[in-house]
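Read through the structure below, which is laid out as structure tokens, and then see the notes.
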Amino acid sequence: KKSSKEELRLFRNAFYAKNGYIFNDSTLNDFFNTSITYWPDDSVTQSSIKMSKEEKILIEMIQAAERGESPEAVFDKYKQ
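Position one of the sequence shown corresponds to residue 29 (our numbering), numbered consecutively onward.
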């Protein structure tokens, strides 16, 4: 099953939510506020979140899929 754009958006933003990032978008805040694993932290900014290389690659792959591009092309770029 192919994920919808909204599912991809939620999955991409889950990487930020797990670090306590508070979103400017009420839809994202409402969604993640229903999770018992989400602990909003107003001191967290996107630039303060340290992602692993694997997380960065996954986010790039999700963004490619959101644009209708091949996520595999992103993965292939990092295989070299």
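Cβ coordinates follow ideal geometry from the N, Cα and C atoms, glycine included.
Computed from a predicted structure; not experimentally measured.
Per the coordinates, the alpha-carbon of Ser54 lies some 10 Å from the alpha-carbon of Asn61. With contacts defined by Cβ atoms closer than 8 Å, Ile85 and Tyr106 form a contacting pair. Per the coordinates, the alpha-carbon of Lys33 lies some 22 Å from the alpha-carbon of Met79. Taken in chain order, the whole alpha helix (DSSP H) runs of length 4 or more contained in the region 81-106 are 81-94. For the pair Arg37 and Glu83, the CB atoms are not nearer than the 8 Å cut-off.
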